[in-house]
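Student:
In the numbering used here, the protein residues as written are 211 to 384.
(1) Which residue wins for smallest C-alpha separation from residue 295, given the options 316, 309 and 306?
(2) Can you grab the Cα-Cα spacing for the pair residue 225 / residue 326, in whole Å?
(3) Where DSSP assigns a beta bridge to residue 318, which residues make up the other side?
(4) Going by the CB atoms, is the gap between residue 249 and residue 311 shorter than 9 Å?
(5) Measure the C-alpha to C-alpha separation of residue 302 and residue 221 and round it to an integer number of angstroms.
(6) Tell me, please, whether the segment 368 to 381 touches the segment 269 to 277 by the rule of three or more beta-carbon pairs shorter than 8 Å.
(7) Quick one: grab the DSSP three-state call for residue 325.
(8) Let me check understanding here. Comparing Cα to Cα, which of 218, 384, 287 and 360 lies closest to residue 319?
(9) Tell me whether residue 223 sits in a helix, a strand or coil according to DSSP, three-state version.
(10) Does DSSP put residue 291 in a helix, a strand or coil?
(11) Measuring alpha carbon to alpha carbon, tell me which residue in 285, 293 and 369 is nearest residue 240.
(12) Taking the C-alpha atoms as reference points, what is the distance between residue 305 and residue 281?
(13) Note down, one range per segment and in chain order, each beta strand (DSSP E) of at least 3 residues found wholly within the segment 340 to 383.
(14) Would you report the Cα separation of residue 291 and residue 218, rounded to the nearest angstrom?
(15) What number of angstroms, rounded off, separates the C-alpha of residue 288 from the C-alpha of residue 331?
This is how it looks when you write it as structure tokens:
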């Protein structure tokens with residue numbers, strides 16, 4: 211190092227900024243869940259795993275029923291609280307290998323891997339719907355919600371991520 215100037219820079223702020231930008235790019239701000247962009251990456255990995263091990267992969271779309279009235283009644287801050295609480299309840303019903311993402315508004319996507327049969331989805335659906343029917347405590351009020359879920363299975367119903375989400379969305383509305 212003789213004759214050279216040694217400089218040291220603290221790049222902590224820069225790294226923190228990069229982490230915030232990455233978090234905003236891949237995660238929902240309200241719920242902390244993966245967003246649509248990250249969902250498609252997770253879904254591609256899960257699809258590859260299901261192909262490799264010959265298991266079923268379920269993709270679900272869940273919509274909170276009449277959620278617009280929640281925002282209209284208690285405001286967007288209260289609605290954000292309900293979205294975060296709903297996502298926590300749903301996550302509580304899933305295994306570590308499964309994934310939950312927020313598609314936007316009051317719509318969520320679920321990725322359930324390693325299934326042996328369609329019947330397993332019935333149990334998962336009942337547990338999730340039951341968890342969401344429990345009252346949401348908001349200040350001095352209790353709010354009751356319901357939800358609708360539609361499922362599709364890979365490789366039976368569609369072969370690509372976009373098709374799986376589309377078919378699950380159609381199943382939910384049916």
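Backbone N, C-alpha and C define an ideal beta-carbon position, used for all residues, glycine too.
Tutor: With the structure as the only source:
(1) Relative to residue 295, the option among 316, 309 and 306 whose CA is nearest is 316.
(2) Going by C-alpha positions, residue 225 is about 43 Å away from residue 326.
(3) Answer is 272 and 312, bridged to residue 318.
(4) Pairing residue 311 with residue 249 gives a Cβ-Cβ distance under 9 Å.
(5) Each residue's Cα considered, the two are about 37 Å apart.
(6) Contact between the segment 368 to 381 and the segment 269 to 277 is present, because at least three Cβ pairs lie under 8 Å.
(7) Strand.
(8) With distances taken between Cα atoms, residue 319 lies closest to 360.
(9) The answer is helix: DSSP assigns residue 223 an H, G or I state.
(10) DSSP, reduced to helix, strand and coil, places residue 291 within a helical segment of the structure shown.
(11) Nearest of 285, 293 and 369 to residue 240, Cα basis: 293.
(12) Spanning the two alpha carbons is a distance of roughly 30 Å.
(13) Here the runs fully enclosed are 346 to 348, 351 to 353 and 357 to 364.
(14) Taking the straight line joining both Cα atoms gives about 44 Å.
(15) For residue 288 and residue 331, the gap between their C-alpha atoms comes out near 31 Å.
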